[in-house]
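Everything on this sheet refers to the single structure shown next.
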Amino acid sequence: MASVYTCPYCHRRYTIYRDGDYLCDCGRVFFYPPLLSSEKANFIALAPAYVDSSSRSVRRTASPDSRRRTARGAVDCPLARISLICGLLGIVFFGITSIPGLVLGVAAKLMIADPYYNYKGDALALGGILASLLGILAWGAWLLTRI
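First residue of the sequence shown? That's 9 in our numbering, and the numbers climb one at a time after it.
See the structure below:
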């Protein structure tokens with residue numbers, strides 16, 4: 009008796025043949041059958057008591073090259089937008105906002121890489137990092153010429 013289950017974090021589909029704890033390719037653990045709450049309709053992955061990694065009870069139906077796919081309904085990461093704004097303002101305003109822009113850009117890249125958050129905007133985060141670095145380098149070089 010096989011059932012199809014979708015990971016609540018990365019939305020990969022699996023064919024499952026028996027009940028138990030499973031480790032998804034995204035690194036999250038889920039229990040099948042899912043424990044339904046009377047208040048919410050979404051599933052919560054629980055920490056496993058036992059995960060049999062050698063079991064053939066989970067057969068992956070997703071293609072292996074779909075390592076990181078953005079699911080439908082993904083929104084732009086707000087930290088990426090703020091990073092880009094801080095980086096651009098840092099170029100104009102003596103690099104004051106460049107360091108927070110750099111930190112926010114790196115944090116946004118980490119959040120975008122995690123499938124739990126379901127964010128997109130990798131180019132915005134990269135633009136924020138580069139603009140912040142440009143502001144730091146430009147104003148740092150100007151400051152060194154004045155000393």
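For each residue, glycine too, the CB sits at the ideal point set by N, CA and C.
Treat the numbers as computed from the prediction; the structure is a model and nothing was measured.
- The beta-carbon separation of residue 132 and residue 84, rounded to 6 Å, stays under the 8 Å limit for a contact.
- The shortest CA-to-CA distance from residue 150 to any of 25, 97, 102 and 95 is the one to 102.
- A Cβ-Cβ separation of about 6 Å places residue 33 in contact with residue 20 under the 8 Å criterion.
- In the three-state reduction of the DSSP assignment, residue 33 falls in the coil class, being assigned neither a helical nor a strand state.
- Looking from the CA of residue 100, the closest CA among 23, 141 and 126 belongs to 141.
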